């Protein structure tokens, strides 16, 4: 079978990035993105993290269990059964799949 390669033209921007979220419902409600811009030192970007924000995110992961599966992905039902057989929980754990 012969492969055909399609050459694609780069997409030309119709506006600036700043206008990407113009008309956004969140922006219209006054919700602004707040961040500290990275600084470039010696050709590398240096970012500054806010301790309060990092601490808040750390709390979400304190009691997390991360499962890494090699090969085929198990179903949610298979993971539920595995967890139920391995541990006793007062509440059913939440299972999240990467997007």
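Numbering (this note's numbering), first residue to last: 635 to 733. Here a beta-carbon is modelled for each residue, glycine too, at the ideal position from N, C-alpha and C. From a predicted model like this one, the values you see are computed outputs, not experimental measurements.
Local conformation of residue i per DSSP, three classes
{"i": "residue 674", "result": "strand"}
{"i": "residue 728", "result": "coil"}
{"i": "residue 630", "result": "There is no way to answer for residue 630, as the model of the chain reaches only from 635 to 733."}
Cβ pair residue i, residue j closer than 8 Å
{"i": "residue 699", "j": "residue 713", "result": "no"}
{"i": "residue 680", "j": "residue 673", "result": "yes"}
{"i": "residue 727", "j": "residue 717", "result": "yes"}
{"i": "residue 682", "j": "residue 692", "result": "no"}
Counterpart residues of residue i in DSSP-defined beta bridges
{"i": "residue 717", "result": "According to DSSP, which records beta bridges pairwise, residue 717 is partnered with nothing at all."}
{"i": "residue 685", "result": "According to DSSP, which records beta bridges pairwise, residue 685 is partnered with nothing at all."}
{"i": "residue 680", "result": "673"}
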